[in-house]
Amino acid sequence: GQSASGVQKSAEVLLQDLTAPGGCVVGTHVQDDGAGVPAMPKHHRKIPDNEDSQSPKKKGKNPKDVLIVREKKPRAAVCSHFPCDLLENNEKLTIQFIPGKPCSTVSQKAEKPEDLVTFFIQTQGGQNISKTVMRNNNIQKNVHHVCLYAFKGETVEQTLNRDGRFSDFLIKSCDLRNVTTDVHVDMDRLVDDLDQQRFQVIKKAEISVSETEENSLNISKFLETILDNVRLQFKQVSEKLKKQNNIWETFRVEYDKSAQSCCEVGTVKTLMNLADSVCRIRINTGAVGTGFVLCHIPSSTPQQSFILTNAHVIMPVVEDYQRMKLYDNITVTAEFEDWKGNEMKLYSRHAKKELIACQYNPAEHLDFALLELEPSDDEWSLPDGLLSKYLPSSGSGGICIIGHPDGHEKKMDPTFIVEPENHFNSVMTHIIKNADLKPLMQKKCVKENWIFDSSRITYNSCFFHGSSGSPVFDSRCSLIGIHSGGYCYTETGKEKKSIIEYAYPLENTWKCIIKQTSENRKDVSRYIQSQCNIRTAIKQENTNSGLDTDCIEPSDQPMDTS
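Residue 334 in full-length UniProt numbering is what sits at position 334 of the sequence shown, and the numbering runs on without skipping anything.
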């Protein structure tokens with residue numbers, strides 16, 4: 001065989017030859033024929049008419065599989081048909097040969113690189129996984145992760161089947177667990193929002209009747225109660241409407257009172273201006289979420305600018321949570337739309353590698369990441385920050401979410417807050433409309449232990465993938481929360497659905513940012529504390545919680561009037 005350096009050299013040559021757009025890394029398998037170098041892919045060599053590529057005689061007694069390992073962390077192995085468009089510029093691949101029967105794979109070409117996502121799966125199964133998750137046991141002996149590419153719109157199961165390296169046991173009997181957020185992912189989950197995330201293989205949750213009854217939501221009885229109430233309410237409403245001379249008059253007054261706050265032209269114009277501060281969050285080239293300009297510190301030279309998004313948007317690419325540092329080969333970019341008449345231009349700003357503040361603790365209403373943007377010499381100026389627009393939520397009325405659902409152009413979704421006392425009716429309406437999907441809702445409810453938290457800002461929205469981190473405005477055009485998630489489930493092979501969505505109020509976010517920046521970034525801590533609206537909101541929150549209202553020290557930083 002050839003030396004290790006020779007194999008490495010061959011890998012680099014192969015990479016240079018095959019990095020044309022749409023190309024694949026190498027052929028599907030390699031035979032140990034004494035040369036010790038990768039065999040030429042079939043589409044790169046002429047196959048004689050009488051050559052039977054499937055003949056056992058041609059495969060040899062000891063067939064070997066090829067292991068292709070990426071240079072970038074977590075040094076994951078890619079499949080042989082991995083698109084080169086997804087590799088970093090000048091990234092090296094290490095190619096080695098391992099015993100084992102080559103896997104059967106199916107390649108498929110994407111029209112655009114942005115139609116693809118990549119994610120990672122650990123080669124060693126989690127707790128209670130006794131069987132191997134890889135078809136070739138030698139893969140997990142050499143690498144800890146494998147890297148998969150997927151097409152937006154396909155499910156996790158479809159991705160694993162096309163990849164070809166995973167055992168039937170994994171696909172039929174297992175789910176995935178996000179090692180960062182601990183969120184479980186079903187095999188029928190769409191891959192669109194899994195870009196750059198890392199997963200561990202876990203056993204499927206076995207849902208029995210007793211487990212369902214013990215669950216805090218008791219979803220089965222809950223759904224039956226809903227149906228009973230619907231039947232009763234339908235009968236009562238029908239009898240009442242028969243007595244009305246004018247059915248439409250029954251609903252007109254209440255509807256007008258709720259809708260008028262979101263219909264004023266002045267409100268729409270103000271929201272359009274605020275929308276300039278909303279940006280698309282990209283990790284390398286993939287759109288993964290939404291963010292917005294929080295503030296600028298005017299006394300700094302050059303001007304320091306900060307954006308806010310959800311922690312779960314960027315957590316998969318955080319290398320060190322103690323130092324709050326991104327992986328070296330990861331670039332987080334804030335992309336802004338700038339409209340001049342009917343023409344739109346995109347402007348981008350890279351975020352610095354060190355996070356300013358970050359916390360993921362849903363129980364405390366914390367899911368945020370504060371990043372500082374790199375300064376730029378171009379003539380385009382960043383929009384105003386939204387920190388000065390913050391006010392605590394009133395808990396009712398019209399709201400508007402502005403973001404980049406599915407990573408597409410910026411959109412706005414006017415809707416209404418679902419007050420806690422109306423949660424039941426809102427959930428009931430969704431279940432009645434989607435009665436055939438009741439088992440899917442039940443399964444997700446038990447697995448993720450859904451609890452309807454009355455202190456969240458809840459609403460019904462069409463914003464799903466890519467909209468995490470969107471600002472939520474009320475009818476006063478005040479910033480009241482950050483769009484963070486929903487009670488979601490996915491119908492096999494179809495789009496994700498949500499029973500109800502929610503945003504986190506921002507009072508705890510401000511307090512956490514102030515605390516985390518009080519030592520290493522005192523300029524940020526003092527500046528946020530200097531804002532009158534923030535100080536008032538935190539003091540009121542502390543009063544409601546029975547805490548010391550004077551816990552915030554005075555600051556001489558100027559107030560943000562943007």
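Glycine is no exception: its CB is placed at the ideal position from the N, C-alpha and C atoms.
Just so it is clear, the structure is predicted and the values come from calculations on it, not from any experiment.
By the Cβ-count criterion, M272 is exposed, with fewer than 16 other Cβ atoms from all chains shown falling within 10 Å of its own Cβ. Contact annotation: the stretch 315-334 touches the stretch 282-291, with at least three C-beta pairs closer than 8 Å. Nearest to V179 by alpha-carbon distance, out of R198, G125, G164 and R162, is R198. A275 counts as buried, since no fewer than 16 other beta carbons sit within 10 angstroms of its beta carbon. Every beta strand (DSSP E) stretch that sits fully inside the stretch 319-352 and reaches 3 residues is listed by chain position as 332-340 and 343-350.
For C512, the enclosing alpha helix (DSSP H) starts and ends at E507 to Q516. By alpha-carbon distance to Y360, the top candidate from C295, L294, D338 and N310 is N310. In this chain, the beta strand (DSSP E) harbouring T458 covers I457 to Y459. Here K152 is buried: its Cβ has 16 or more other Cβ atoms, across all protein chains shown, within 10 Å. Per DSSP, the continuous beta strand (DSSP E) segment holding T118 begins and ends at L116 to Q122.
The C-beta of W510 has 16 or more other C-beta atoms within 10 Å across all chains shown, which makes the residue buried. Counting C-beta atoms within 10 angstroms of its own C-beta, A363 has fewer than 16 neighbours from the protein chains shown and is therefore classed as exposed. Under the DSSP assignment, R526 falls in the alpha helix (DSSP H) whose first and last residues are K522 to S530. Within the DSSP secondary-structure output, P99 pairs in a beta bridge with K64. The beta-carbon separation of T123 and H144, rounded to 6 Å, stays under the 8 Å limit for a contact. The stretch 113-122 makes no contact with the stretch 89-98; the number of CB pairs closer than 8 Å stays below 3. Annotated three-state conformation of R70 is strand, per DSSP. Going by beta carbons, I139 and A77 fall inside the 8 Å limit.
Nearest Cα to L148 within the set N128, G126 and D192: D192.
When DSSP reads this structure, C147 sits in a beta bridge with V78 and F120. Counting C-beta atoms within 10 angstroms of its own C-beta, P505 has 16 or more neighbours from the protein chains shown and is therefore classed as buried. Excluding sequence positions up to five before and after G385, its CB lies within less than 8 Å of the CB of S277, V293, L294, C295, H296, S305, F306, D560 and S562, all in the same chain and listed in chain order. When the Cα atoms are used, K325 and V265 turn out to be separated by approximately 44 Å.
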